[in-house]
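The structure appears below as structure tokens.
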Amino acid sequence: MWLFIFNSILLGVGLAMDAFSVSIANGLSEPKMRRVKCAAVAGAYSFFQFLMPMIGWVLVTALVSWFGVIQRFVPYIALGLLLFIGIKMIVESLRGAEEKEARRLTVPILLMQAVATSIDALSVGFTLASYELPSALAASLIIGTVTFIICLFGLWIGKRFGSIFKHAEVLGGIILILIGIEIFVKNIFFTT
Numbered sequence: 090m091w092l093f094i095f096n097s098i099l100l101g102v103g104l105a106m107d108a109f110s111v112s113i114a115n116g117l118s119e120p121k122m123r124r125v126k127c128a129a130v131a132g133a134y135s136f137f138q139f140l141m142p143m144i145g146w147v148l149v150t151a152l153v154s155w156f157g158v159i160q161r162f163v164p165y166i167a168l169g170l171l172l173f174i175g176i177k178m179i180v181e182s183l184r185g186a187e188e189k190e191a192r193r194l195t196v197p198i199l200l201m202q203a204v205a206t207s208i209d210a211l212s213v214g215f216t217l218a219s220y221e222l223p224s225a226l227a228a229s230l231i232i233g234t235v236t237f238i239i240c241l242f243g244l245w246i247g248k249r250f251g252s253i254f255k256h257a258e259v260l261g262g263i264i265l266i267l268i269g270i271e272i273f274v275k276n277i278f279f280t281t
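One point on numbering: in the working numbering, the residue at position 81 of the sequence shown is 170, and numbering is uninterrupted.
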């Protein structure tokens, strides 16, 4: 139980790093953003970080129920996806990927950002295939809650301190890689 909660929190932290970085940029772009808007921005990121793993879980569990053979490959798929996502996040962060231009955050821009930063969470839903619905839902809720808190913090940092955390995605990438390895090892070596 505690390991499940701890892993879900770490997964949430890893997945939220894209949204955290974008939240810092949004705070920089709009330093007088009101608290209500900050909560709405963090809520948008949080909602999509919750929704995407559930969509991925539904897709994979439907496939697994039709093709039971796929289930034994889930740890390999999880490891591959999380390694790919984690390495991609680290490389993009170290390259200094995209510089955000200063502009006021609108609803369409926010929705595009929320979807773009949560795409990785869709593939994480594939890694939750071994969970029953209540566990997958709980993991997704934890991921969404962690994202909300981290994004509020990112907005606050952006509004207050500037871009001192410009490589936050490196930490997120490392966390995703470690979780991928943990899922693989647990499912390959410790499954009865």
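Every residue, glycine too, gets a C-beta built ideally from N, C-alpha and C.
> For L92, which three-state DSSP category applies?
Replying inline: helix
>> As a quick exercise: from L244, K275, I277 and I272, pick the residue whose alpha carbon is nearest that of G116.
In response: L244
> What are the start and end residues of the alpha helix (DSSP H) that includes M201?
Replying inline: V196 to T216
>> Quick check for students: name the residue ranges of the alpha helix (DSSP H) that lie wholly in the segment 102-182, counting only runs of 4 or more.
In response: 124-155
> From what residue to what residue does the alpha helix (DSSP H) around S229 run?
Replying inline: L222 to F250
>> Output needed for C127: all residues of its chain with C-beta closer than 7 Å, excluding positions within five of it in sequence on either side, in chain order.
In response: L241 and L244
> Is DSSP giving F279 helix, strand or coil here?
Replying inline: coil
>> Using a Cβ-Cβ cutoff of less than 8 Å, which residues in the same chain neighbour V147 once the five nearest sequence positions on both sides are dropped?
In response: G214
> How close, in whole Å, do the beta carbons of L199 and A133 come, if the pair is a contact with beta carbons under 8 Å?
Replying inline: So it is a contact: roughly 5 Å between Cβ atoms.
>> Considering Cα atoms alone, identify which of F278, G233, A131 and E119 is closest to Q202.
In response: A131
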